[in-house]
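Asker: So the sequence shown is numbered by full-length UniProt numbering: it starts at 1 and just counts up by one. Let me begin by handing over the structure; questions about it come next.
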Amino acid sequence: MRLRHVEVFNNVYKTGSVTAAAKLLNVSQPSVSKVLAHAEQQIGFPLFERIKRRLIATPEADILYRHTAVMEGVLTDINEISESLADIPVDRLRVACTPSLGIDFLPKAIANFKLKNPNVNFEISSNHYQEIRKNISDTLLDLAIAQDQTEDEEIGIINLAKGKFVILEPKNNQDKNNKSLPFIKLSFKSPLGKKIDQYMLKNKLHLESTITSDNYQMAASLVNNGFGYTILDEYTAKTSRLPNSKITELSPKLEFNINLMFLKNVAFSISTKQFIEFLSDFHYKL
């Protein structure tokens, strides 16, 4: 028996009438009669006998219905689950970002998204660029947000926003050119560190550094503790608690991209698509 046979048989069995079954199924009476006749032809025995204008199930039909009723219940559950997944996605999104974007950018984005999508669950983390790219490749992450990333054969990129570099220096610093202060350099291993190195070469800035850091918050904390100055992203500078530091503009200006990262050739869940659409329209303000 096919699924359509089962559906028609169950409704005729429950109502005892082809007419009533047709109404429940929202089809014509001849259509129900035709499907029922085809089902009986397929299985090789009659399912109903007409007695006093009513269809009475045969003993074989009684036995069959015990099983088809269970099947009908399973199909009902499947339909309900399908509708639920379409209307209210309940899967878990695994999202990572770099530490500087984890202070305010990602939390603010998720908080705003959850207002309209309360049933979407998140598993969030922060890590360095190399680890993020590896975790996406290994399918341990669904999405990631990082600065100045490049697309390759595996990982796709969507530009979400732009940021700029700033100078972070001690609050009481009186040296406008910072010549008397040691320079804290960001490691060239990171995309932003490389960008700063290229900027310094282009603008012929020869800044001697005794400390190199691959952690932007650590570099900012050194400044806040009175040691030197640094050039870093505005997200770290403006969202970290740095009461003993001040921000000044970098001139000429240097910008970077904030990118959404994802694994190519992988089907997205409904929730993932919704979050990508949300992030594409998300206007973050520092």
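Using N, Cα and C, we set each Cβ at its ideal position, and we do this for glycine too.
#1: Going by beta-carbon coordinates alone, are residue 254 and residue 213 separated by less than 8 Å?
#2: Helix, strand or coil for residue 81, going by three-state DSSP, please let me know.
#3: May I have a chain-ordered list of the alpha helix (DSSP H) segments no shorter than 4 residues that lie completely inside the UniProt domain "HTH lysR-type" (1 to 58)?
#4: Cutting at 8 Å between CB atoms, please list the residues of its own chain near residue 22, excluding the five before and the five after it.
#5: According to the Cβ coordinates, are residue 229 and residue 101 closer than 8 Å?
#6: Applying the criterion that 16 or more other CB atoms from any shown protein chain within 10 Å of the CB defines a buried residue, is residue 239 buried or exposed?
#7: What is the residue span of the beta strand (DSSP E) that residue 124 lies within?
#8: Taking contact to mean at least 3 C-beta pairs separated by less than 8 Å, is the segment 263 to 280 in contact with the segment 114 to 123?
#9: Using only the alpha-carbon positions, how far apart do residue 143 and residue 127 sit?
#10: Taking C-alpha atoms, which residue in 151, 237, 153, 133 lies nearest to residue 169?
#11: What does a CB cutoff of less than 7 Å around residue 44 pick up in its chain, not counting 5 residues either side in sequence?
#12: Can the beta-carbon of residue 136 be found less than 8 Å from the beta-carbon of residue 263?
#13: Measuring alpha carbon to alpha carbon, tell me which residue in 231, 166, 153, 129 is nearest residue 147.
#14: Given residue 317, which residues of its chain have a CB within under 6 Å of its CB, disregarding the five upstream and five downstream residues?
#15: Classify residue 246 as helix, strand or coil using the three-state DSSP reduction.
#16: Quick one: complete alpha helix (DSSP H) runs, 4+ long, within the segment 200 to 232?
#17: Just the C-alpha distance for residue 25 and residue 52, rounded to the nearest angstrom, thanks.
#18: Closest to residue 233 by C-alpha separation, out of 225, 243, 220, 244, would be which residue?
#19: Assuming residue 160 and residue 286 make a contact with CB atoms under 8 Å, what is their CB distance in whole Å?
#20: With the cut-off set at 8 Å, would you say residue 12 and residue 48 are in Cβ contact?
#21: When you compare the CB positions of residue 244 and residue 226, do they come within less than 8 Å of one another, or not?
#22: Check for me: the beta strand (DSSP E) holding residue 259 runs from which residue to which?
#23: Identify whether residue 266 lies in helix, strand or coil by the three-state DSSP scheme.
Answerer: Let me lay it out:
#1: To locate residue 254, count along the sequence shown from 1; it is residue 254. To locate residue 213, count along the sequence shown from 1; it is residue 213. Not closer than 8 Å, so no.
#2: Residue numbering aside, residue 81 sits at position 81 when the sequence shown is read from its first letter. It is helical.
#3: Uninterrupted alpha helix (DSSP H) stretches at least 4 residues long and entirely within the UniProt domain "HTH lysR-type" (1 to 58) occur at 3 to 15, 18 to 25, 29 to 43, given in chain order.
#4: Counting from one through the sequence shown, the residue named residue 22 turns up at place 22. Same-chain partners within the cutoff: 28, 29, 31, 32.
#5: For this step, residue 229 is matched to residue 229 along the sequence shown. For this step, residue 101 is matched to residue 101 along the sequence shown. Not closer than 8 Å, so no.
#6: Sequence index remark: in the sequence shown, residue 239 carries index 239 (1-based). Buried, since its Cβ has 16 or more Cβ neighbours within 10 Å.
#7: On the sequence shown, residue 124 is found 124 positions in, with the first residue counted as 1. Boundaries of the beta strand (DSSP E) around residue 124: 121 to 126.
#8: As far as the Cβ criterion goes, the segment 263 to 280 touches the segment 114 to 123, which means the pair count is three or higher.
#9: Position 143 of the sequence shown, counted from the first residue, corresponds to residue 143. Position 127 of the sequence shown, counted from the first residue, corresponds to residue 127. Using only the alpha carbons, I get a separation of about 13 Å.
#10: Sequence index remark: in the sequence shown, residue 169 carries index 169 (1-based). With distances taken between Cα atoms, residue 169 lies closest to 237.
#11: Against the sequence shown, residue 44 aligns to sequence position 44. No residues qualify anywhere along the chain.
#12: Sequence index remark: in the sequence shown, residue 136 carries index 136 (1-based). Sequence index remark: in the sequence shown, residue 263 carries index 263 (1-based). In this structure, residue 263 lies closer than 8 Å to residue 136 by Cβ.
#13: Within the sequence shown, the letter at position 147 stands for residue 147. When only C-alpha atoms are compared, the closest one is 129.
#14: This structure cannot settle anything about residue 317, because the visible part of the chain is limited to 1 through 286.
#15: Stepping through the sequence shown from its first residue, residue 246 is reached at position 246. Looking at residue 246 - three-state DSSP - the assignment turns out to be strand.
#16: Listed in chain order, they are 216 to 224.
#17: Position 25 of the sequence shown, counted from the first residue, corresponds to residue 25. Position 52 of the sequence shown, counted from the first residue, corresponds to residue 52. Approximately 24 Å between the Cα atoms of the pair.
#18: Looking up residue 233 in the sequence shown gives position 233. It is 220 whose Cα lies nearest to the Cα of residue 233.
#19: Locating residue 160 in the sequence shown gives position 160, counting from the first residue. Locating residue 286 in the sequence shown gives position 286, counting from the first residue. Cβ-Cβ separation between residue 160 and residue 286: approximately 14 Å, too far for a contact (criterion under 8 Å).
#20: Taking the sequence shown and counting its residues from 1, the one referred to as residue 12 is at position 12. Taking the sequence shown and counting its residues from 1, the one referred to as residue 48 is at position 48. Yes, these two residues count as a Cβ contact at 8 Å.
#21: Residue 244 sits at position 244 when you count from the first residue of the sequence shown. Residue 226 sits at position 226 when you count from the first residue of the sequence shown. Cβ atoms of residue 244 and residue 226: closer than 8 Å.
#22: The sequence position of residue 259 within the sequence shown is 259, counting from 1. Residues 255 to 263.
#23: As a working note, residue 266 is residue 266 in the sequence shown. The three-state reading of DSSP puts residue 266 in coil, since its state is none of H, G, I, E or B.
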